[in-house]
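K.L.:
Just so we're aligned: 43 in my numbering is position 16 of the sequence shown, and the numbers increase by one with no gaps anywhere. Glycine included, C-beta positions come from ideal geometry on N, C-alpha and C. Keep in mind the model is a prediction, meaning the values are calculated, not measured.
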Amino acid sequence: MLLLGHFLVFVLAMSHDEIALQAVETGWIRPGQAELAELGIGLVLFVIWGWLSVHLVGILNGARAASHDETE
Numbered sequence: 028m029l030l031l032g033h034f035l036v037f038v039l040a041m042s043h044d045e046i047a048l049q050a051v052e053t054g055w056i057r058p059g060q061a062e063l064a065e066l067g068i069g070l071v072l073f074v075i076w077g078w079l080s081v082h083l084v085g086i087l088n089g090a091r092a093a094s095h096d097e098t099e
């Protein structure tokens with residue numbers, strides 16, 4: 028699930044400017060706020076990416092520790 032989450036965040040990050048433009052077209056945000064929306068979306072995606080990465084590293088470290096315990 029974490030790898031799928033990383034892939035989803037990556038795809039969203041690649042298209043976050045189009046997401047902001049669609050939000051302007053649909054009236055969710057004002058046209059002058061499109062750049063700010065792009066930055067906000069990028070920041071949120073960056074935080075989610077970091078959270079996913081921290082959890083993935085924790086799982087990998089746990090698996091490595093369990094593997095190390097089995098070999099002793």
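Identify whether residue 86 lies in helix, strand or coil by the three-state DSSP scheme.
P.N.:
helix
K.L.:
Could you check if residue 36 is buried or exposed, using at least 16 other CB atoms within 10 Å of its CB as the buried criterion?
P.N.:
buried
K.L.:
Note down, in chain order, each residue of its chain lying with its Cβ closer than 7 Å to the Cβ of residue 50, except the 5 sequence neighbours on either side.
P.N.:
56 and 64
K.L.:
Which one of 53, 40 and 28 has the shortest CA to CA distance from residue 71?
P.N.:
40
K.L.:
Give the C-beta separation of residue 79 and residue 33 to the nearest angstrom, bearing in mind that I take them to be a contact with Cβ-Cβ under 8 Å.
P.N.:
6 Å
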